[in-house]
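Everything on this sheet refers to the single structure shown next.
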Amino acid sequence: MFFQSPPDFGQPFEDDHLLISLLHRYIPQEHLSFILADLKKFGSRVKNEMESLAKKAESSPPVHVPYDPWGKRIDEIRVSDAWQRMHEIAAEEGIVAIGYERKFSEFSRFYQFAKLYLFHPSSAIYSCPLAMTDGAARVIELMGTKDLKSQAFKHLTSRDPNRFWTSGQWMTEKTGGSDVSGTQTVAKVEGEIYRLSGIKWFTSATTSEMAMTLAKIEGEDKLSLFCVKLRDEEGNLQNIEINRLKDKLGTKALPTAELTLKGTPATLIGERGKGVKNIANLFNVTRIYNACCAVGYMKRALALSIDYSKKRKAFGKTLNEHGLHVHTLSQLQLAYEASMHLTFHTAYLLGRSELNKNSDTEERVLRLLIPLIKLYTAKMGVQIISEVVESFGGLVTLRILAFLRSFEMLKFWPFGKERPMYFHLMLYVRS
Ligand SMILES: Cc1cc2nc3c(=O)[nH]c(=O)nc-3n(C[C@H](O)[C@H](O)[C@H](O)COP(=O)(O)OP(=O)(O)OC[C@H]3O[C@@H](n4cnc5c(N)ncnc54)[C@H](O)[C@@H]3O)c2cc1C
Numbered sequence: 027m028f029f030q031s032p033p034d035f036g037q038p039f040e041d042d043h044l045l046i047s048l049l050h051r052y053i054p055q056e057h058l059s060f061i062l063a064d065l066k067k068f069g070s071r072v073k074n075e076m077e078s079l080a081k082k083a084e085s086s087p088p089v090h091v092p093y094d095p096w097g098k099r100i101d102e103i104r105v106s107d108a109w110q111r112m113h114e115i116a117a118e119e120g121i122v123a124i125g126y127e128r129k130f131s132e133f134s135r136f137y138q139f140a141k142l143y144l145f146h147p148s149s150a151i152y153s154c155p156l157a158m159t160d161g162a163a164r165v166i167e168l169m170g171t172k173d174l175k176s177q178a179f180k181h182l183t184s185r186d187p188n189r190f191w192t193s194g195q196w197m198t199e200k201t202g203g204s205d206v207s208g209t210q211t212v213a214k215v216e217g218e219i220y221r222l223s224g225i226k227w228f229t230s231a232t233t234s235e236m237a238m239t240l241a242k243i244e245g246e247d248k249l250s251l252f253c254v255k256l257r258d259e260e261g262n263l264q265n266i267e268i269n270r271l272k273d274k275l276g277t278k279a280l281p282t283a284e285l286t287l288k289g290t291p292a293t294l295i296g297e298r299g300k301g302v303k304n305i306a307n308l309f310n311v312t313r314i315y316n317a318c319c320a321v322g323y324m325k326r327a328l329a330l331s332i333d334y335s336k337k338r339k340a341f342g343k344t345l346n347e348h349g350l351h352v353h354t355l356s357q358l359q360l361a362y363e364a365s366m367h368l369t370f371h372t373a374y375l376l377g378r379s380e381l382n383k384n385s386d387t388e389e390r391v392l393r394l395l396i397p398l399i400k401l402y403t404a405k406m407g408v409q410i411i412s413e414v415v416e417s418f419g420g421l422v423t424l425r426i427l428a429f430l431r432s433f434e435m436l437k438f439w440p441f442g443k444e445r446p447m448y449f450h451l452m453l454y455v456r457s
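Quick note on numbering: the working numbering labels position 406 of the sequence shown as 432, and the sequence is numbered without any gaps.
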């Protein structure tokens with residue numbers, strides 16, 4: 027009986043000639059051998075440890091437990107062991123820390139993003155909390171209070187899994203995410219601190235220890251930036267209620283919640299009324315994460331598709347012997363390579379900018395590139411992956427069916443016995 031050999035993405039680092047050539051081009055000789063050796067070792071960890079954890083994490087989504095058995099409000103979010111393990115791996119590998127240790131001077135960001143690019147496709151999107159963590163660390167580094175610098179910053183940039191914190195970023199409210207001027211959360215001053223009240227409509231990484239958020243100080247029109255520590259010393263949420271977890275189309279492992287703040291203590295960061303300008307320091311980092319993760323996904327998708335094209339036969343020859351198939355893959359490869367160059371040049375400029383090494387022109391190019399690469403790689407990522415999904419032909423349909431079977435509403439239907447239902451679904455999915 028025939029069984030198709032499945033595609034394999036190979037060794038994430040050693041087989042990535044473009045990443046290796048970019049490292050040779052940008053990283054000076056004195057740093058190169060350490061960085062290459064570390065990425066090679068990490069590539070094996072991605073393949074041998076992280077990939078199976080990512081699958082486990084995506085198939086065991088987080089659960090919101092609002093009350094304990096005695097009716098007390100607890101608002102726990104229970105996540106899988108695999109998701110927790112991602113937290114430990116991220117800390118051990120220094121995915122955030124590398125950018126702030128700056129052991130490789132202005133090349134530290136380039137090295138960090140190369141590692142993130144390898145981490146992301148097998149992380150079940152643990153890269154999302156890391157992006158916001160890195161952005162929060164940058165905000166604190168630039169404008170945090172003395173306390174935040176001596177405590178939170180150290181947690182956010184730690185390599186010790188037990189000390190490592192992640193941070194959320196709570197901006198979007200029901201009134202809008204692109205335009206946050208309608209934000210309804212109010213901050214009331216209370217001595218040294220503020221107390222926030224309002225509803226945050228999208229808060230990813232809700233299991234984080236802290237978050238950066240926007241609110242209007244009572245009586246003011248403009249937004250200010252605040253830092254919130256989610257739990258008190260006893261581990262109780264600080265006047266925060268979790269309304270529900272979002273039921274998202276993708277990113278199942280990542281908990282994204284709707285929250286109500288009911289007088290949550292918060293620390294003002296930077297000047298009052300300059301919240302949007304100040305939180306842009308966080309965006310600049312998260313946008314580059316977004317691009318880096320998009321190119322990471324493009325690479326993973328292409329590695330699988332190219333490998334499959336060597337194994338799958340149609341009309342007497344392998345797919346990679348069919349000119350039109352190769353033409354399609356080469357177009358995708360071209361778009362991916364262009365995205366890589368843009369993204370990693372931006373990472374290089376970011377590292378230089380943080381150490382004040384950019385010329386005025388480089389600084390302006392960086393400012394221009396950050397939103398552009400986020401937009402371009404996000405759009406390109408969807409196109410490339412969509413095309414790659416088609417390169418596996420109908421097999422993908424069966425995978426989607428397997429996925430659908432895992433849904434609550436379908437799980438009691440014995441597909442083997444209910445053939446009509448199976449065909450009905452097949453037609454539905456195909457259409
Ligand atoms: C998986 C996921 C996780 C998220 N996690 C977080 C999180 O952790 N924290 C957080 O704060 N938010 C989070 N968000 C929310 C996200 O930031 C917002 O959804 C996003 O900013 C868009 O805001 P909106 O949904 O209100 O859409 P709107 O702002 O209402 O936009 C609707 C449409 O209008 C378009 N549009 C808006 N303004 C303009 C304009 N000026 N010109 C032309 N077109 C325009 C938009 O492009 C979009 O197509 C998350 C979203 C998702 C999907």
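Ideal placement from N, C-alpha and C gives every residue a C-beta, glycine not left out.
{"query": "Is the number of C-beta pairs between the stretch 315-323 and the stretch 139-147 that are closer than 8 Å three or more?", "result": "yes"}
{"query": "So what's Trp96 in DSSP terms, helix, strand or just coil?", "result": "coil"}
{"query": "Of all the options Arg99, Gly161, Val91, Gln195, which has the alpha carbon lying nearest to the alpha carbon of Ile121?", "result": "Gly161"}
{"query": "Would you be able to state if there are at least three C-beta pairs under 8 Å between the stretch 153-171 and the stretch 189-200?", "result": "yes"}
{"query": "Comparing alpha-carbon positions, which option in Met238, Glu84, Lys98, Leu421 lies nearest Leu275?", "result": "Glu84"}
{"query": "Do you know how far the Cα of Ile124 is from the Cα of Gln138?", "result": "6 Å"}
{"query": "If contacts are defined as beta-carbon pairs under 8 Å, then Ser230 and Thr211 qualify, I think. What distance do you get, rounded to the angstrom?", "result": "That belief does not hold up - the Cβ atoms of Ser230 and Thr211 are roughly 17 Å apart, past 8 Å."}
{"query": "Alpha carbon to alpha carbon, how far is Ser379 from Gly69? Give it in angstroms, no decimals.", "result": "28 Å"}
{"query": "Can you tell me where the beta strand (DSSP E) holding Asn307 begins and where it ends?", "result": "Careful: Asn307 lies outside any beta strand (DSSP E), inside the alpha helix (DSSP H) at 301-337."}
{"query": "Assign Arg104 to one of three DSSP states: helix, strand, or coil.", "result": "strand"}
{"query": "Quick one, are the C-beta atoms of Val254 and Thr198 less than 7 Å apart?", "result": "no"}
{"query": "Which residues share a DSSP beta bridge with His90?", "result": "Ile103"}
{"query": "Name the DSSP bridge partner or partners of Ile219?", "result": "Glu216"}
{"query": "Within 10 angstroms of the Cβ of Leu401, are there 16 or more other Cβ atoms? Answer buried if so, exposed if not.", "result": "exposed"}
{"query": "Could you name the residues that DSSP lists as bridge partners for Thr239?", "result": "Trp196, Phe252"}
{"query": "Pick helix, strand or coil for Pro291, following the three-state DSSP scheme.", "result": "strand"}
{"query": "Pick from Arg326, Gly342, Pro397, Glu363: whose alpha carbon is nearest that of Gln412?", "result": "Looking at the sequence itself, residue 412 is Ser, so the reference to Gln does not match. That would be Arg326, whose Cα lies nearest to the Cα of Ser412."}
{"query": "Please tell me whether, using a cut-off of 6 Å, the distance from the CB of Leu232 to the nearest non-hydrogen atom of ligand 1 is below it.", "result": "Correcting the residue identity first, residue 232 is Thr in this sequence and not Leu. Checking the Cβ of Thr232 against ligand 1 gives no."}
{"query": "In this structure, does DSSP put Phe133 in helix, strand or coil?", "result": "helix"}
{"query": "Taking buried to mean at least 16 other C-beta atoms within 10 Å of its own C-beta, is Pro281 buried or exposed?", "result": "buried"}
{"query": "What is the DSSP secondary structure of Ser417, counted as helix, strand or coil?", "result": "helix"}
{"query": "Just to confirm the assignment: which complete alpha helix (DSSP H) runs, minimum length 4, are found wholly within the stretch 106-178?", "result": "107-119, 123-127, 134-145, 153-169, 172-176"}
{"query": "Pick out whichever of Arg390, Pro397, Val352, Arg164 has its Cα sitting closest to the Cα of Ile295.", "result": "Arg164"}
{"query": "Measuring only from the beta carbon, is Gly492 closer than 6 Å to any heavy atom that is part of ligand 1?", "result": "This structure gives no information on residue 492, because the portion of the chain shown stretches from 27 to 457."}
{"query": "Per DSSP, what kind of secondary structure is Gly276 in: helix, strand or coil?", "result": "coil"}
{"query": "Heavy atom of ligand 1 less than 6 Å from the Cβ of Gln195, yes or no?", "result": "yes"}
{"query": "Is the stretch 354-362 touching the stretch 111-119 in the sense that three or more CB pairs, one from each, lie closer than 8 Å?", "result": "no"}
{"query": "Look up Ala340 in the DSSP assignment and say whether it is helix, strand or coil.", "result": "strand"}
{"query": "So if DSSP puts Lys226 in a beta bridge, which residue, or which two residues, is it bridged to?", "result": "Leu285"}
{"query": "Note the first and the last residue of the continuous alpha helix (DSSP H) segment covering Arg270.", "result": "From DSSP, Arg270 is part of no alpha helix (DSSP H) but of the beta strand (DSSP E) over 266-271."}
{"query": "So Ala361 is in the alpha helix (DSSP H); what residue range does that whole segment cover?", "result": "349-380"}
{"query": "Pull up the CB-CB distance for Thr209 and Leu240, whole angstroms please, since I reckon it's below 8 Å.", "result": "6 Å"}
{"query": "Taking C-beta to C-beta, are Ala117 and Pro187 nearer than 7 Å?", "result": "yes"}
{"query": "Flag Phe139 as yes when its Cβ comes closer than 6 Å to any non-hydrogen atom of ligand 1, and as no otherwise.", "result": "no"}
{"query": "Per DSSP, which residues does Leu263 bridge with? Please list them.", "result": "Arg257"}
{"query": "Could you tell me if Gly301 is buried or exposed, where buried requires 16 or more neighbouring beta carbons within 10 angstroms of its beta carbon?", "result": "buried"}
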